[in-house]
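Have a look at the structure below, then the notes.
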Amino acid sequence: MASKHFMTAALLAAAVTALPATAAETEGSEQMVVINGTRSPEMQPYRYMLSGLDAFDSQHALAPNAQQLRFRLHTKRKAPADAMDNVVVRLSGSETDIAVPLAADHSFTLPRNRAAEDDNADVVLNRKKSDYGWMPDVRSAGVPADMRRLGDIQLECRVLMAIAKNYIPFLVRAMINTVTLTTDWCSYKDFNMNVRSDRPITSATLVDGARRLELKVDEYGKMYSVPLADKTYSSDALIEFRFE
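Basically my numbering = 1-based index in the sequence shown + 815.
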């Protein structure tokens, strides 16, 4: 049993670290994954991103009150202070040049555009790629602004993995599916996902009725680890934060 667990963790780690411009962490027996932007936020295949839109649509039941899928840019630790100034996102290809509006919170939505797909367009930034990462952003209506809903994060993981699997060789994907006995890696029993907080926090607590679970927060107060595969918590469970 222990060797199977080790093999599973190793395969998941190998799959994630195989993704260009990706960061992965393992801690103890738990697999925690942080994907700061598969490949590069400067040039991301539009077709791959559409896999994320498809996952959002097919698994929308996890967050039925989330009206849309957004992607949010963030700066990396060594990025200059003005890294978010004048950032431009576009769909770009041989015959494609479509501006993608960036909201005040640095998030954007991707349109479905068949011509851009046929053109093998990319989602591109106009700034230095090493300064940026991105993550899916799912927000259900009615959730307080200073809290997160577990089902929203569960759906973010499905979107992220749908995009990430485009980079993973078929045989590696098949091995992971065989060992975990599922194609839904986010539901694997030891899967924990690191989620970026909207602003610095000192604590994060998963609350489901009378149950409370303190979540691990990184030393910078910017990320917290969520046990996505723990089916004893409902998708409507909320995460409370204590802010710096």
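By construction, the Cβ of each residue, glycine as well, lies at the ideal position given by its N, Cα and C atoms.
{"Item": "In whole angstroms, what separates the C-alpha of Thr995 from that of Pro984?", "Value": "17 angstroms"}
{"Item": "So, does the region 999-1013 touch the region 905-915, judging by three or more C-beta pairs under 8 angstroms?", "Value": "no"}
{"Item": "Report all residues from its chain with a CB closer than 8 angstroms to the CB of Asp967; omit the five preceding and five following residues, and keep chain order.", "Value": "Leu877, Ala878, Ala881, Val953, Arg954, Ser955, Val958"}
{"Item": "Can you give the beta carbon distance from Ala870 to Val1010, rounded, assuming they're within the 8 angstroms contact cut?", "Value": "Their Cβ separation, rounded to whole angstroms, is 17 angstroms, which puts Ala870 and Val1010 out of contact at 8 angstroms."}
{"Item": "Out of curiosity, what's the CA-to-CA distance linking Phe1056 and Asp1013?", "Value": "10 angstroms"}
{"Item": "Assign Gly852 to one of three DSSP states: helix, strand, or coil.", "Value": "With a pLDDT of only 36 at Gly852, under 50, the local geometry of the prediction cannot be trusted, and the value read off the model is given with reservation. Residue state, collapsed to three classes: coil."}
{"Item": "Residues in the same chain with beta-carbon distance under 6 angstroms from Ala919, minus the five sequence neighbours each way, listed in chain order, please.", "Value": "none"}
{"Item": "Report the option in Ala1019, Tyr1035, Gly1036 whose CA atom is closest to the CA atom of Leu1028.", "Value": "Ala1019"}
{"Item": "Is DSSP giving Val974 helix, strand or coil here?", "Value": "helix"}
{"Item": "Is there a Cβ from chain C that is less than 9 angstroms from the Cβ of Ala956?", "Value": "Protein chains in the displayed structure number just one, and chain C is not present."}
{"Item": "As a quick exercise: from Ala960, Ala977, Asp946, pick the residue whose alpha carbon is nearest that of Tyr861.", "Value": "Ala977"}
{"Item": "With a threshold of 16 other CB atoms inside 10 Å of the CB of Pro951, please say whether the residue is buried or exposed.", "Value": "buried"}
{"Item": "Which runs of the beta strand (DSSP E) at least 3 residues long sit entirely within the region 865-932? Give them in chain order.", "Value": "885-890, 904-907, 912-915"}
{"Item": "I believe Ser1040 touches Lys1031 by the beta-carbon criterion, under 8 angstroms. Please report the beta-carbon distance rounded to the nearest angstrom.", "Value": "4 angstroms"}
{"Item": "Quick one: residues in its chain with C-beta nearer than 8 angstroms to the C-beta of Phe1058, no 5 flanking neighbours on either side, listed in chain order?", "Value": "Asp961, Arg1014, Pro1015, Ile1016, Thr1017"}
{"Item": "Just the C-alpha distance for Leu1021 and Pro1042, rounded to the nearest angstrom, thanks.", "Value": "10 angstroms"}
{"Item": "Checking the sheet assignment: what are the DSSP bridge partners for Arg964?", "Value": "Leu1053"}
{"Item": "What's the gap between the Cα of Ala989 and the Cα of Asn1007?", "Value": "21 angstroms"}
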